[in-house]
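For what it's worth, this note's numbering labels the leading residue of the sequence shown as 128, then goes sequentially.
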Amino acid sequence: VKHRPLREERVSAGILDGSLIHPREVFAPAVRERAAAVLLLHNHPSGDPAPSGQDREVTRRLRSAGGILGIPVVDHVILGDAAFFSFREEGDW
C-alpha cells in the first residue's frame, strides 16, 4: 500500500532522556486530517538509534490504538546521528 504525506505534526517534545506520549496526542491530528495511516518518527539525542524498552512499549501501545481507530501505524522510525532504526525493517512488527 502506498501512502502520501498529508502533513507533519509534532505531538511531543521530550527532555534529554525521555518523552511521555499518549495515543490521544498522536492520533488526534490523524483523525482531524482523515489520515489512512500514520508514520511515527522520533530522535535519540544520544545519537544511537537503537530502541529502548520504552520505545518498544510505546510502539506496541500506539499500534494497538491505531488498530482500534482504523488508522494503522505503518512504521516507527528512530533517528540517530548518522543512522536510523525502523521497527518495520527490523521485523518487530
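Glycine is no exception: its CB is placed at the ideal position from the N, C-alpha and C atoms.
C-beta atoms of S213 and V204 nearer than 9 Å: yes
Sub-9 Å separation of P156 and V185 beta-carbons: no
Spatial distance of D182 from F154 (CA atoms): 17 Å
C-alpha gap between A209 and A163, whole angstroms: 30 Å
Separation of G180 from V201, as counted between CA atoms: 20 Å
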